[in-house]
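Visitor: Please find one structure pasted underneath; my questions will follow.
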Amino acid sequence: MFRLCVSNFSLFCRRSIAVSAERRYKDPIYEIFLAKVKEYREKSPTGKPLDAGPEFEKELNETLEKLALKYGGGEGVDMLEFHKFKEPEVTLDPLSIFV
Numbered sequence: 001m002f003r004l005c006v007s008n009f010s011l012f013c014r015r016s017i018a019v020s021a022e023r024r025y026k027d028p029i030y031e032i033f034l035a036k037v038k039e040y041r042e043k044s045p046t047g048k049p050l051d052a053g054p055e056f057e058k059e060l061n062e063t064l065e066k067l068a069l070k071y072g073g074g075e076g077v078d079m080l081e082f083h084k085f086k087e088p089e090v091t092l093d094p095l096s097i098f099v
């Protein structure tokens with residue numbers, strides 16, 4: 001029994017070391033990607049596109065109008081707002097729950 005516990009413990013230690021070594025390894029391409037994301041976040045803290053000219057804004061507005069027409073938007077409807085669901089008020093009779 002003791003021998004089985006020792007062998008299982010050594011297997012557990014080997015697997016733990018392998019996992020921690022794998023976690024320490026960092027992909028260089030992923031590191032470059034993270035650096036670019038951080039750089040972009042510093043340049044544009046509002047989240048809007050950098051160096052967006054008037055033609056980009058025009059194309060964006062046209063696309064949003066097309067989507068609004070296709071998916072039920074109209075005058076005064078904000079398509080960028082998340083839909084608010086209305087749930088009906090449900091009253092439960094405490095006696096009917098246990099029946």
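Following the UniProt record's numbering, the numbering of the sequence shown begins with 1 at its first residue and continues without gaps. Think of the CB as a built atom: it goes at the ideal place given N, C-alpha and C, for glycine as much as any other residue.
(1) Where do the ends of the alpha helix (DSSP H) carrying P28 lie?
(2) In the DSSP assignment, the alpha helix (DSSP H) including A68 goes from what residue to what residue?
(3) Just the C-alpha distance for G53 and L60, rounded to the nearest angstrom, thanks.
(4) Leaving out the 5 sequence neighbours to the left and right, which residues in its chain are closer than 8 Å to K43 when beta-carbon positions are compared?
Guide: According to the structure data:
(1) Locating residue 28 in the sequence shown gives position 28, counting from the first residue. Unbroken alpha helix (DSSP H) run through P28: 28 to 43.
(2) Counting from one through the sequence shown, the residue named residue 68 turns up at place 68. Note, A68: alpha helix (DSSP H), 54 to 70.
(3) Numbered from 1 along the sequence shown, position 53 holds the residue referred to as residue 53. Numbered from 1 along the sequence shown, position 60 holds the residue referred to as residue 60. Each residue's CA atom was taken as its position, placing G53 and L60 some 11 Å apart.
(4) The residue labelled residue 43 in the question sits at position 43 within the sequence shown. Here the set comprises L50.
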